[in-house]
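Written out below as structure tokens is the structure these notes cover.
Protein chains: 2
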Amino acid sequence: MAAEPTAHELIAKHRPTLDQALEAIRTRAYWSPHPEHPKAYGENGSLDMAAGKAAFDALLGTRLDLDQPGTDGWTGGEVSPYGIELGVEYPHADIDVLLPAMKAGQRAWRDAGAEVRAVVSLEILKRIADRTHEFAHAVMHTSGQAFMMAFQAGGPHAQDRALEAVAYAYAEQVRTPDTAQWTKPQGKRDPLVMTKEFTPVPRGIALMIGCNTFPTWNGYPGLFASLATGNAVLVKPHPRAVLPLALTVQIARQVLAEAGFDPNLVALAAERPGEGIAKTLATRPEIRIIDYTGSTAFGDWLETNARQAQVYTEKAGVNTVLVESAANYKGMLANLAFSLSLYSGQMCTTPQNLLIPRDGIGTDQGHKTFDEVVADLARSVDGLLGDDTRANGLLGAIVNPDVKARVDAAAGLGEVALASREITNPEFPDAVVRTPVIVKLDGARKYWEGADDEAAYMNECFGPVSFAVAVDSAADAVELLGRTIREKGAMTVGAYTTDAGVEAAVEEVCLEEAAQLSLNLTGGVYVNQTAAFSDFHGSGGNPAANAALADGAFVANRFRVIEVRRDA
Amino acid sequence: MAAEPTAHELIAKHRPTLDQALEAIRTRAYWSPHPEHPKAYGENGSLDMAAGKAAFDALLGTRLDLDQPGTDGWTGGEVSPYGIELGVEYPHADIDVLLPAMKAGQRAWRDAGAEVRAVVSLEILKRIADRTHEFAHAVMHTSGQAFMMAFQAGGPHAQDRALEAVAYAYAEQVRTPDTAQWTKPQGKRDPLVMTKEFTPVPRGIALMIGCNTFPTWNGYPGLFASLATGNAVLVKPHPRAVLPLALTVQIARQVLAEAGFDPNLVALAAERPGEGIAKTLATRPEIRIIDYTGSTAFGDWLETNARQAQVYTEKAGVNTVLVESAANYKGMLANLAFSLSLYSGQMCTTPQNLLIPRDGIGTDQGHKTFDEVVADLARSVDGLLGDDTRANGLLGAIVNPDVKARVDAAAGLGEVALASREITNPEFPDAVVRTPVIVKLDGARKYWEGADDEAAYMNECFGPVSFAVAVDSAADAVELLGRTIREKGAMTVGAYTTDAGVEAAVEEVCLEEAAQLSLNLTGGVYVNQTAAFSDFHGSGGNPAANAALADGAFVANRFRVIEVRRDA
Numbered sequence: 001m002a003a004e005p006t007a008h009e010l011i012a013k014h015r016p017t018l019d020q021a022l023e024a025i026r027t028r029a030y031w032s033p034h035p036e037h038p039k040a041y042g043e044n045g046s047l048d049m050a051a052g053k054a055a056f057d058a059l060l061g062t063r064l065d066l067d068q069p070g071t072d073g074w075t076g077g078e079v080s081p082y083g084i085e086l087g088v089e090y091p092h093a094d095i096d097v098l099l100p101a102m103k104a105g106q107r108a109w110r111d112a113g114a115e116v117r118a119v120v121s122l123e124i125l126k127r128i129a130d131r132t133h134e135f136a137h138a139v140m141h142t143s144g145q146a147f148m149m150a151f152q153a154g155g156p157h158a159q160d161r162a163l164e165a166v167a168y169a170y171a172e173q174v175r176t177p178d179t180a181q182w183t184k185p186q187g188k189r190d191p192l193v194m195t196k197e198f199t200p201v202p203r204g205i206a207l208m209i210g211c212n213t214f215p216t217w218n219g220y221p222g223l224f225a226s227l228a229t230g231n232a233v234l235v236k237p238h239p240r241a242v243l244p245l246a247l248t249v250q251i252a253r254q255v256l257a258e259a260g261f262d263p264n265l266v267a268l269a270a271e272r273p274g275e276g277i278a279k280t281l282a283t284r285p286e287i288r289i290i291d292y293t294g295s296t297a298f299g300d301w302l303e304t305n306a307r308q309a310q311v312y313t314e315k316a317g318v319n320t321v322l323v324e325s326a327a328n329y330k331g332m333l334a335n336l337a338f339s340l341s342l343y344s345g346q347m348c349t350t351p352q353n354l355l356i357p358r359d360g361i362g363t364d365q366g367h368k369t370f371d372e373v374v375a376d377l378a379r380s381v382d383g384l385l386g387d388d389t390r391a392n393g394l395l396g397a398i399v400n401p402d403v404k405a406r407v408d409a410a411a412g413l414g415e416v417a418l419a420s421r422e423i424t425n426p427e428f429p430d431a432v433v434r435t436p437v438i439v440k441l442d443g444a445r446k447y448w449e450g451a452d453d454e455a456a457y458m459n460e461c462f463g464p465v466s467f468a469v470a471v472d473s474a475a476d477a478v479e480l481l482g483r484t485i486r487e488k489g490a491m492t493v494g495a496y497t498t499d500a501g502v503e504a505a506v507e508e509v510c511l512e513e514a515a516q517l518s519l520n521l522t523g524g525v526y527v528n529q530t531a532a533f534s535d536f537h538g539s540g541g542n543p544a545a546n547a548a549l550a551d552g553a554f555v556a557n558r559f560r561v562i563e564v565r566r567d568a
Numbered sequence: 001m002a003a004e005p006t007a008h009e010l011i012a013k014h015r016p017t018l019d020q021a022l023e024a025i026r027t028r029a030y031w032s033p034h035p036e037h038p039k040a041y042g043e044n045g046s047l048d049m050a051a052g053k054a055a056f057d058a059l060l061g062t063r064l065d066l067d068q069p070g071t072d073g074w075t076g077g078e079v080s081p082y083g084i085e086l087g088v089e090y091p092h093a094d095i096d097v098l099l100p101a102m103k104a105g106q107r108a109w110r111d112a113g114a115e116v117r118a119v120v121s122l123e124i125l126k127r128i129a130d131r132t133h134e135f136a137h138a139v140m141h142t143s144g145q146a147f148m149m150a151f152q153a154g155g156p157h158a159q160d161r162a163l164e165a166v167a168y169a170y171a172e173q174v175r176t177p178d179t180a181q182w183t184k185p186q187g188k189r190d191p192l193v194m195t196k197e198f199t200p201v202p203r204g205i206a207l208m209i210g211c212n213t214f215p216t217w218n219g220y221p222g223l224f225a226s227l228a229t230g231n232a233v234l235v236k237p238h239p240r241a242v243l244p245l246a247l248t249v250q251i252a253r254q255v256l257a258e259a260g261f262d263p264n265l266v267a268l269a270a271e272r273p274g275e276g277i278a279k280t281l282a283t284r285p286e287i288r289i290i291d292y293t294g295s296t297a298f299g300d301w302l303e304t305n306a307r308q309a310q311v312y313t314e315k316a317g318v319n320t321v322l323v324e325s326a327a328n329y330k331g332m333l334a335n336l337a338f339s340l341s342l343y344s345g346q347m348c349t350t351p352q353n354l355l356i357p358r359d360g361i362g363t364d365q366g367h368k369t370f371d372e373v374v375a376d377l378a379r380s381v382d383g384l385l386g387d388d389t390r391a392n393g394l395l396g397a398i399v400n401p402d403v404k405a406r407v408d409a410a411a412g413l414g415e416v417a418l419a420s421r422e423i424t425n426p427e428f429p430d431a432v433v434r435t436p437v438i439v440k441l442d443g444a445r446k447y448w449e450g451a452d453d454e455a456a457y458m459n460e461c462f463g464p465v466s467f468a469v470a471v472d473s474a475a476d477a478v479e480l481l482g483r484t485i486r487e488k489g490a491m492t493v494g495a496y497t498t499d500a501g502v503e504a505a506v507e508e509v510c511l512e513e514a515a516q517l518s519l520n521l522t523g524g525v526y527v528n529q530t531a532a533f534s535d536f537h538g539s540g541g542n543p544a545a546n547a548a549l550a551d552g553a554f555v556a557n558r559f560r561v562i563e564v565r566r567d568a
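Chains as they are written, first to last, in the UniProt record's numbering: chain A, 1 to 568; chain B, 1 to 568.
So this is what it looks like as structure tokens:
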């Protein structure tokens, strides 16, 4: 057993990374220990591209036995959005057996303290990072993301968000010292002297409910924040995106066991088709924390019904980009075209409503009418996706038939400025690949024509659908932006303007309605992407999400501090 | 207007205090800037004892005009538990006018930043501290606390808790820098460079619902945490304890106005008799934060119904002291006697259930039977309260008829070990003053006799009522302690033991069930008292309260951080 890492060795190995993460969340400068380039892998124990692909292929058609207590059968049946059947079987759990078993190891995990929990978490992340290429395929073939995006967003970026959560969790727990001596003067009498011990204690078992589109990126922050604060974590993946989280659970269990902890501190709750166990799990008294990414309807259900738990939700929103004027018209078009196309718009951060004054906008290329702006954007998207290989590499596959149906229906919502095209994926002919559709709507029409433009743009239309909404003025746009955030929520807001007054008005409405704002992006950063350690994902202050990734509030209530005091 | 403090002057004046508070919450060593001794007041602008009394007397029978928008009448009618009618009238608010007015100044308050908000909050506290003697009478004649307790708990200790909340709020807001430059390498290409601005933004209007027994001590943490994080605060006092909070609001409005902010950032919502406006206010969409101290029933109602708000509640609990053995028997008896007597047990932290093995306990005075321990404790209480002047000084007055009714009914719950006595208060002959009653119950009787002992000791009996519960063993006591915390909640747990195994078992159950533990207190610190900056009040992890005073979780979700990023 000499190969097993001791807590001391893990501290020596990972403390420098933890310290760098702590510094990064303080300065919010760029930092990441997880390389984004596929070729950066293959050394220091990590799988290279070929080995990662081979590892993924070897998983197909197998049974992933996690050796969990209460396994009462097997379930599976994932079909990749790219058409292949994964054929992986996962344990199905009798939760009346599994949940008590998960509690058994909590005391030792609690007593290990914040630093050991952090470095064990970092060791889990290291093992995941070593298998980034394998995870990339697992994410690709569950989410439908194109390989490069599955690799980056599902790999290093997800690992960054996990590490960020661990850093916040550690920082929060060590704000209170382990011990204190308290000496209160009593005038001429002897002082009152007490010794005090402070222990961070977990809330109980945390439930992480995964999503289909970003199983690791959206799942890791809650999973690692809960684990690093001493809780056991039950992972309930989306039935169509089990594999990346099952691998994560397997690795976590291995690392926990090797470090001398109970592997049942992390477990998987895969469900049978149609079983719908999330509601059952979410209201179990043992579940004290829930992290969820998905529909507003179920997020609201959780917030209303899972009253025994702290509930962190990321739900639907309607993201707006206000286009008032442009100092770099071509850069704006290129930037927006990429934002609309990436992963076929199947991101909670993809812009949906492009608010453009009906009288057009001023740009460095001269005045552009509303129709010209929309046509130029359509052309930019067409240009970006004109080559099928490049298009497949950007778009990925449509994740489910509902998204496809929305794309098909969008053309009926208004004048189509850019029609969605079908693209063939030569490698995966069964993949459903669609380019974005852009529909023109009128933001004023609601007032006099009884048209349903407002019904279209004031609801989330998840997928590669965006609306070019004509507005009367910049002020009208700012008003509509504010109302959209307030009523529907927003994960992101973008704006293009050269007018200081408009810029200030957009900033003010984003501060007032609590939405994250990207201004005049024309380069290689896109409104739908955020960087861990620096950018907040969501604000937690508008209806799209009740938490931000990541901040103190995301971790502070996952544990409590218990004090034992004695006369000294 | 030269006398008005500028932000710069307030920073110079209060930053050292803020820094000391920040250091104290980090080390949790003893610290307080607010003197506990009545004679420490009278210099540096503070009112001395006589001036404070005169100021209070001058308030009686007056109208406290706060110059609030939407004042549509006047209300009042407080009658002191000591019998005098205060006769103070307060503005009654049309909330449809007041709430919008409270929002008007939020933008400037937000833009002032965390440091200015902190020092303005500290200036409010300084003005309150200067009038501690006046507040002492206001607290005494609303809560029924004896003068010295009203002075200390309602004055310096409440001010300490307020300052602690301001310190946590400040620390939380400055964890993210105001600005950051983010430079991401791109191999041989130019790096991606962005500038980022981060702004803490308030959630909206906070509602602080005050309680009858500790209007300032329990009210200030939420009030100041919300204000310091940029929110406007509407103070809804308990109808029988308006004056201390009305004075607080008046001072806050004066300081805000003098510092150049909108005084409507803090306002009072006094209610007419029977109006019950808390439910109406709590579910208004403008109210985004609620702090509440009071009954479990209304706390649960708020958590269930005020879904638009962050809700922080302190509710009822059942506090236990486990008496297994004693190294200092006399010290234990004296300490417990004081804990049971202070403010007639009308503290959320007063012990209720004393769990004592039926076979007795080992002590430094030899073995003591169950009956001896209970009789000795009864004698200690009698001794402590034998002198009427001293008794009045410790007990204060019974706050309302419900408490008196519970004291009267307690004698019917079991064998009375110590009967409650009426005490006459010569200065206030109408005051209802009662000594504690101790009733013997049997923790095992539930199992075979169908007796209602368990119904008595497993429910909060707020007031000077405690139960000496015979248990089979230390293990039985620990089990009952755990079950009590889990099912009923506990603000405090005490234990006396010389046995390392029992001590460890009690510690473990407190860690497991998230309750704050005081071990073997025999000196001048009592289980029902906590010191700001060092001790946590409640844990937020058991049913007695969903938040602790104070920690990161108490402040972190009162604001959100909004990021504006641009290509650099």
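A virtual CB, placed ideally from N, CA and C, is assigned to each residue, including glycine. The structure displayed is predicted, hence computed values, not measured ones.
Taking only three categories from DSSP, how would you classify residue i?
i: B:P38; result: helix
i: B:E78; result: coil
i: B:A55; result: helix
i: A:L243; result: helix
i: B:K103; result: helix
i: A:E89; result: strand
i: B:F298; result: helix
i: A:F415; result: In the sequence under discussion, the amino acid at residue 415 of chain A is Glu, which differs from the Phe named in the question. Reduced to three states, the DSSP call for A:E415 is strand.
i: B:F428; result: coil
i: A:M148; result: helix
Going straight from the alpha carbon of residue i to that of residue j, what length do you get?
i: A:R560; j: B:P33; result: 27 angstroms
i: A:T313; j: A:N305; result: 13 angstroms
i: A:Y30; j: B:R110; result: 27 angstroms
i: B:L247; j: B:I128; result: 8 angstroms
i: B:E23; j: A:N528; result: 40 angstroms
i: A:A410; j: A:V506; result: 28 angstroms
Could you check if residue i belongs to the surroundings of the ligand GTP, using beta carbon to heavy atom distance under 6 angstroms?
i: B:Q186; result: This structure lacks the ligand GTP, and indeed carries no ligand of any kind.
Considering only residues of the same chain and omitting the five flanking positions on each side of residue i, which have a CB-CB separation below 6 angstroms?
i: B:S534; result: R28
i: B:I25; result: A167, F533
i: B:A337; result: S380, V381, L384
i: B:V235; result: M208, L245, V249, L268
i: B:K404; result: I398, V432
Give me the DSSP bridge partner(s) of residue i.
i: A:F198; result: A:E563
i: B:K188; result: B:K188 is not bridged to any residue.
i: A:D364; result: According to DSSP, which records beta bridges pairwise, A:D364 is partnered with nothing at all.
i: A:R434; result: A:E422
i: A:G494; result: A:V321, A:S518
Quick one: residues in its chain with C-beta nearer than 7 angstroms to the C-beta of residue i, no 5 flanking neighbours on either side, listed in chain order?
i: B:E172; result: G552, V555, A556
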